[in-house]
Amino acid sequence: MGTPLESREEQAAEVVDRLESEYPDSTISLRYSNRLELLIAVILSAQCTDERVNKETKHLFEKYDGPEEYAAVDEEELAEDLNSITYYNSKAGYIKSSCETILEEHDGEVPDTMDELTELSGVGRKTANVVLQHAHDVVEGVVVDTHVQRLSRRLGITEKKRPEAIEQELMELVPEGYWQQFTHLCIDHGRAVCTARNPDCSDCVLADVCPSEKGDSEIDLASGEPW
DNA sequence: CTCCCGATAT
DNA sequence: ATATCAGGAG
Numbered sequence: 029m030g031t032p033l034e035s036r037e038e039q040a041a042e043v044v045d046r047l048e049s050e051y052p053d054s055t056i057s058l059r060y061s062n063r064l065e066l067l068i069a070v071i072l073s074a075q076c077t078d079e080r081v082n083k084e085t086k087h088l089f090e091k092y093d094g095p096e097e098y099a100a101v102d103e104e105e106l107a108e109d110l111n112s113i114t115y116y117n118s119k120a121g122y123i124k125s126s127c128e129t130i131l132e133e134h135d136g137e138v139p140d141t142m143d144e145l146t147e148l149s150g151v152g153r154k155t156a157n158v159v160l161q162h163a164h165d166v167v168e169g170v171v172v173d174t175h176v177q178r179l180s181r182r183l184g185i186t187e188k189k190r191p192e193a194i195e196q197e198l199m200e201l202v203p204e205g206y207w208q209q210f211t212h213l214c215i216d217h218g219r220a221v222c223t224a225r226n227p228d229c230s231d232c233v234l235a236d237v238c239p240s241e242k243g244d245s246e247i248d249l250a251s252g253e254p255w
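Numbering follows my numbering, with no gaps: position 191 of the first sequence is 219.
See below:
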């Protein structure tokens, strides 16, 4: 075991520094060519891999263009187009409803405030933060998804469980200029090394500063600290 | 809290 | 077989 850093603030800075070196080109992996496509891609990405979302949106974005076409489409047909995505019935409804609202209340444009975005169907704080950051270049929070939640807790940066509580702590602990990058780094590292089920601690650049590090010898998961 | 829900890795 | 995937609504 490595010596734990004194404060969680130092821990956060150290994590950002090391992961920056490990993933220098870390950025959003969803594919889109305008603000509406970004919004739709992020709605679809809930509990689904970005890889699958990109595979489906490639066809979806060729078939539909603009909020008018999504608002006008038959919801069952849209659900068919999304039938390999998680929760496709719900998401078809979210997309159609959000596009109706965008047309009726926002002049056909994707909103640029947290309140307006979270009023859209299927858009919570996480989705809104992603759209604010990548569509409008507004960073007023930290995107907390499943990877950010898992890594922040494993690394001892937070002990909170609710995403909103984790976001508040990260906003205090992560240097302000790195809020956006912190999320991308957690996602890249979470996918490649610090996976949910079987993290590869033997190949982790954070192992010596991670309180959850397993060690490469024979330590059984049942007797140690729970993940 | 439950429900939504297909593809993939283990 | 089961856990997990850039969550959100009711």
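Just so you know, even glycine gets a beta-carbon here, dropped at the ideal spot from N, CA and C.
Remember, predicted model here, so these are calculated numbers, not experimental data.
Exercise for the section: Return the Cβ separation of V166 and V70 in integer angstroms, given the expectation that the two are a contact with Cβ distance under 8 angstroms. Expected result: Incorrect: roughly 15 angstroms between the Cβ atoms, too far for contact.
Problem - Cβ neighbour criterion (16 or more within 10 Å) applied to E105 - result: exposed
Exercise for the section: Please state if the CB of C76 and the CB of I130 are separated by a distance shorter than 7 angstroms. Expected result: no
Handout entry: Rounded C-alpha distance that separates G218 from K124
Key = 32 angstroms
Practice task
Look at V151 and L145 and say whether their C-beta atoms are less than 7 angstroms apart.
Solution key: yes
Problem - the segment 33 to 46 contacting the segment 182 to 201, beta-carbon criterion three pairs below 8 angstroms - result: yes
Practice task
Measuring alpha carbon to alpha carbon, tell me which of P239, D216, C229 ends up nearest L47.
Solution key: D216
Problem - For C76, the three-state DSSP class (helix, strand or coil) - result: coil
Problem - Buried or exposed (CB count within 10 angstroms, at least 16 for buried), L249 - result: Low per-residue confidence applies at L249: pLDDT is 40, beneath 50, and the placement is therefore not dependable, though the value from the model is reported in the following sentence. Label assigned to L249: exposed.
Problem - V202 - DSSP class collapsed to helix/strand/coil - result: coil
Handout entry: Endpoints, alpha helix (DSSP H) assigned at C214
Key = 207 to 220
Problem - Three-state secondary structure (DSSP) of N157 - result: helix
Problem - D236 versus L148 - alpha carbon distance - result: 43 angstroms
Exercise for the section: In the DSSP assignment, find the alpha helix (DSSP H) that holds L179 and state where it starts and stops. Expected result: 174 to 182
Problem - Secondary structure of C127, DSSP reduced to three states - result: helix
Problem - Residue environment, H87, which counts as buried when at least 16 other CB atoms sit within 10 Å - result: exposed
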